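Everything below concerns the one structure shown next.
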Amino acid sequence: MSLKDIVMKATQNFDASKDKPESGYDSLPSGDYNVILEDVAHFVSQRTGWDGLQIKVSILDGEYAGRNDSNMFNFDETSANGKAIPESVLAQRVQLVARLANAVGVTLSDIDWDSIDTLVTAFMNAKGKTAIMHLAVRENKKNPQYPYKDYDFEPAENQPAPLEISDDDIPF
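Residue numbering for the sequence shown follows full-length UniProt numbering, starting at 1 and increasing by one per position.
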């Protein structure tokens with residue numbers, strides 16, 4: 001397809017004077033997914049300074065196999081505009097991280113909860129582990145392009161076998 005063909009298709013029913021560009025990213029619908037934990041990281045937005053625990057997973061099978069999902073969870077007690085974050089919201093975020101840890105075989109100690117960085121370290125050996133992700137997506141009336149996502153995780157029956165590398169496999 002040529003650039004002109006792409007332009008013709010992309011601008012069909014699009015008025016640049018009033019329409020906003022589409023993100024091109026469709027969120028996963030509500031459902032249960034077999035996932036692999038790709039990454040757990042401490043993410044800091046360069047634009048806003050907001051920081052949180054970022055979780056990235058990939059869908060392993062079904063209609064959405066190969067698709068990714070990620071979200072960030074902040075544990076600050078006040079929002080960017082200075083409003084208090086309800087304890088129930090903070091508790092839900094903590095419980096979600098604990099559920100993910102349980103699902104991928106991570107036992108979190110008190111020290112792991114010292115900071116986002118210690119949480120990230122606790123999850124380092126869990127990358128590549130599988131879990132079942134229950135996702136419930138609901139409308140965000142204020143920002144429809146960012147739907148609300150509720151997660152839950154549980155252990156998957158089968159985990160990938162750990163890689164076994166012998167000295168014969170090393171090329172040098």
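Just so it is clear, CB atoms sit at the ideal spot from N, CA and C, and this is done for glycine as well. These numbers come from a predicted model, not from an experiment.
Using a C-beta cut-off of 8 Å, the segment 141–149 makes no contact with the segment 48–61, since fewer than three inter-stretch Cβ pairs fall below that distance. By the C-beta criterion, the segment 58–68 is judged not to be in contact with the segment 83–96, since fewer than 3 inter-stretch pairs fall below 8 Å.
Counting along the chain, Gln54 sits inside the beta strand (DSSP E) bounded by residues Asp51 to Ile59. Relative to Lys129, the option among Tyr33, Leu37 and Met8 whose CA is nearest is Leu37. Sixteen is the threshold: when 16 or more other Cβ atoms of the shown chains lie within 10 Å of the Cβ of Met133, as they do, the residue is buried. Within the segment 90–149, the complete alpha helix (DSSP H) runs of at least 4 residues fall at 116–123. When DSSP states are grouped into helix, strand and coil, Asp167 belongs to the helix group. Counting along the chain, no beta strand (DSSP E) covers Asp15, and no H or E run does either. Sequence-distant Cβ neighbours of Leu28 in its own chain, meaning closer than 8 Å and more than five residues away, are Ile59, Tyr64, Arg67, Asp69, Leu135 and Val137. Exposure of Ile6 is indicated by the presence of fewer than 16 other C-beta atoms within 10 angstroms of its C-beta.
Excluding residues up to 5 positions away in sequence, Thr130 lie with their Cβ nearer than 8 Å to the Cβ of Asn158 in the same chain. When secondary structure is reduced to three states using DSSP, Met1 falls in the coil class, being assigned neither helix nor strand. Assignment of Ile6 by DSSP, reduced to helix, strand and coil, places it in the helix class.
Counting along the chain, the unbroken beta strand (DSSP E) around Phe43 starts and ends at Gly31 to Val44. Between Phe153 and Leu100, the CB-CB gap stays under 9 Å.
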